[in-house]
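Quick note on our numbering: the sequence shown kicks off at 524 and runs consecutively.
Comments concern the structure below.
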Amino acid sequence: MLHHPCFLHLQYLILVLLLLSVCWATDAAVADGGEFIVDGFSSYDYLTMDGDASVADGLLMLTSGRLAHSKGHAFYPYPLHFTDVSNGSSLASFSTTFLFSIMGPYIDISSDGLAFVLCSNKDFFSASPAQYLGLLNPLNNGNATNHIVAIEIDTIQNDELQDIDSNHIGVDINGLISVGSATAGYYTPTHAFHKLSLISGQPMQLWVDYDSNQAMINVTMAPCCLSKPSRPLLSVACNLSTVLPGTEVYAGFSSATGPIPSRHYILGWSFKLNGEPAALNYPALSIKTIQELAAQLQYQPHTHTNKIKTIILCAALLPTVGIAIAVSATLFKLYMKRRLDARRNELEWQREYGLPSFTYKDLLIATSGFKDKMLLGKGGFGSVFKGLLPHSNRTVAIKRVSPESKQGMKEFMAEIVILGHLRHRNLVQLLGYCRHKQQLLLVYDYMPNGSLDCHLHTQDRNLCWAQRFRIIKGIASGLFYLHEDWEQVVIHRDIKTSNVLLDGEMNARLGDFGLARFHAHGADAHTTRVAGTWGYIAPELARLGKATKATDIFALGVLMMEVACARRPIWVNSADGEPLALADWVLAAWRRGSITDAIDPRLDDYVEEEIEVVLKLGLLCCHPSPNARPRMRLVMQYLDRDAALPTDLQPDTLLMSNFDVSQDDNEMHEQHAMSCPTTAITDLSRGR
């Protein structure tokens, strides 16, 4: 009976499970009380990976070396409980050690680096590669809300990040400008410093120790298989309880390449809370594999090495000629390095943001030297010129960022990072950019019919109702895409008629994303800065400085009424000289029994049902309570007449100027009372 096939299959299954459990035990010890060790990587089971990261031959390869501008992440899959059991509040002490190796295509060049990371959230979808190491991007770098601690192993010197050299270890808190850094190396027992080359390919070991009582991070490194030096390479005072406020923290690694494809390996990893981590089992690690790969790099020296040897030989045989060649070669090398660095930087931007760059010379020719006759308009952000590109004969609009603009670079980057990835028929298309010395320029599709503002508020121009209604629906469609249809939520923060442009067929295109911010669906936007234009700013935004979908919808409601009435959002009443809000004007007409009395008197061909929907929907979008404003999906349904406006929407239920502060707003106001939000508000007469 024991030889029955069913029993044989059962015995075989038990044997397989036992073998798998043994393999698991040799690969990694599962965290128990905040402790684990990985002696060689042979399975994906105990790591959460994304991007270019993979496991092969006992190695965790964060970037494969096949792709430029790639990023990879590998995290321990479960959050670690970092609460100090002795007091139950502060962050616990921890220690970790890992063996790593970095290899570029040549023995003397690589990019960009890797980092050991502690974070509250291991979603790095919006992070940039290259100098941002797959952790942050130009818009959120340095934000206190990042809740990230990283020990960077950096092989490229980036001046904008204040790097000390191209071979350093740094401690990063919520940003990639290190709070402390040191050239890679280690101290011997006699305290002599030995420098290490991070890109040699040789395996090296790093120790990171955090003492919560002293609020001190110590970073120590050494070549593979040497005991831990007694003197740390780097010590930084920092209370991580303020950086990682939650009790659950994720631990792992992030890596990124720039224009030079490179490989970043982790051979083994040990971690422990409140104690020393277990020692790595060197014989179990793929050290020999790494050393063999590193040895191959020695036979692939960079091209410049052979050139220098040739120059030295010529100098020995022909001193005079040799010196001349050496000087010429040095000058040529410096010249080529400068050009290569500039080109590499441009390629990095193009790869990262998916936009082509234009030469300053071409844009200078296109605008006839940025002469006044080519000027289309001015704003707080800069000036916009009409241009004709010399090679394609394409007419474009070129925005020249004002050097005096305090937020110029940030708004320039916001346009590239956000608008560069957006594609919608009702959004202005960004074609490319140019950086030349201190000049920042953006190149857009040219909109021959100018801004909506000019058509509404200039007497010699008039739009029929059919055109106005199509424009309103187009703007709403573009905003629906930003809020709900793109992969992330984009908050525009400056919706107004001067930021709506009209193409050759009078289709509306929403533009100027200099103040825009984006975040993941289901998350909150982190803004504490009042930005926008008076008249379009929602009441809760003026009080609290927090931009949301609802504040964009408030501005859309004002714009809808402005299109129908051809009146500014705020104007001075000629009767008493007091300022009057457009929403109050429309509401007063509705209370008198005829809401259409508020419309532009030049309109004589309108559809009454459509214009009533626009005006009433505009008032609903401007409701004092943000929770009462409709979402963009519902706004689209109202405009398409697929849904009827709420039956209880009556003039007496709406209070525009003298609104009551809701309980939620009161609570939010108390939370923000200690910090006054900064402002970036535009005058209605000037625009952006």
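We treat Cβ as the ideally placed atom computed from N, Cα and C, and that holds for glycine.
Quick caveat, the model's predicted, so the values are computed rather than measured.
One or two residues paired with residue i in a DSSP bridge
i	result
V919	G910, D968
C957	L964
Y496	Nothing can be reported for residue 496: it is not among the residues displayed for the chain, which extend from 524 to 1211.
A760	M739
S880	Y956
L950	L1033
Y655	None, per the DSSP bridge assignment.
M584	S577, Y788
I692	I676, A705
V940	None, per the DSSP bridge assignment.
V924	G905
Separation of residue j from residue i, as counted between CA atoms
i	j	result
V640	K1069	29 Å
L756	P746	13 Å
A492	E1007	Outside the displayed range of the chain (524 to 1211) lies residue 492, so it cannot be described from this structure.
L725	L662	With the sequence shown as reference, residue 725 is identified as Gln, and Leu is not the correct amino acid for it. Each residue's Cα considered, the two are about 35 Å apart.
E771	D1171	46 Å
R1114	A1167	20 Å
P913	N985	35 Å
F1041	I1014	6 Å
E1135	N1022	25 Å
F908	L763	49 Å
P652	L658	8 Å
S616	L878	45 Å
T780	A818	22 Å
F623	L637	9 Å
G557	N797	8 Å
L1227	V940	Residue 1227 cannot be examined here, being either before or after the span of the chain that is shown, 524 to 1211.
Q685	A579	35 Å
R963	K751	The sequence as given places Leu at residue 963; Arg does not occur at that position. Cα to Cα, L963 sits roughly 49 Å from K751.
G574	S777	10 Å
F605	M572	22 Å
R589	S785	7 Å
Environment of residue i [buried if 16+ CB atoms lie within 10 Å]
i	result
V1130	exposed
E1101	exposed
M932	exposed
E1085	buried
V1095	exposed
F648	exposed
E675	buried
A839	Reliability of the predicted coordinates at A839 is poor, the pLDDT of 37 falling under 50, and no value is obtained from them.
K922	buried
T586	buried
C748	exposed
K884	exposed
T668	exposed
Q982	exposed
E1190	For E1190, the pLDDT reaches just 38, beneath the cut-off of 50, and the residue's location in the model is therefore unreliable, although a value from the coordinates is still provided. It counts as exposed.
K477	The chain is shown only over 524 to 1211; residue 477 falls outside these bounds and no answer can be derived.
F935	buried
Residue i, enclosing beta strand (DSSP E) - first and last residue
i	result
D732	727-734
R1164	Element bounds for R1164: n/a, residue is neither H nor E.
A1268	Because residue 1268 is not part of the residues shown, which for the chain are 524 to 1211, the question remains open.
G703	703-706
W792	786-796
H1042	1040-1042
R946	Counting along the chain, R946 falls outside any beta strand (DSSP E), and DSSP gives it neither H nor E.
I674	671-677
F647	Here F647 belongs to no beta strand (DSSP E), and DSSP marks it neither H nor E.
D562	558-562
G698	Unbroken run through G698: none, as it is neither H nor E.
F716	716-718
I1014	1012-1014
A779	771-779
Element boundaries [alpha helix (DSSP H), containing residue i]
i	result
M572	Run containing M572: none in the alpha helix (DSSP H); it sits in the beta strand (DSSP E), 571-574.
Y883	883-889
K901	K901 -> not in any alpha helix (DSSP H); beta strand (DSSP E) instead, spanning 898-901.
E1028	First-last for E1028: undefined, no H or E at that position.
R991	988-1003
I1122	It is not in any alpha helix (DSSP H) - I1122 carries neither H nor E in the DSSP assignment.
V1137	1131-1144
A579	Taken as a continuous stretch (DSSP letters only), A579 belongs to no alpha helix (DSSP H), being part of the beta strand (DSSP E) at 577-579.
R1066	1062-1067
- Message: Quick check for students: name the residue ranges of the alpha helix (DSSP H) that lie wholly in the stretch 1071-1118, counting only runs of 4 or more.
- Response: 1072-1088, 1105-1114, all fully within the stretch 1071-1118.
- At what residue ranges does the stretch 588-640 contain a whole run of the beta strand (DSSP E), taking only runs of 3 or more? With a minimum length of 3 residues, the continuous beta strand (DSSP E) runs that stay inside the stretch 588-640 are 594-598, 617-626.
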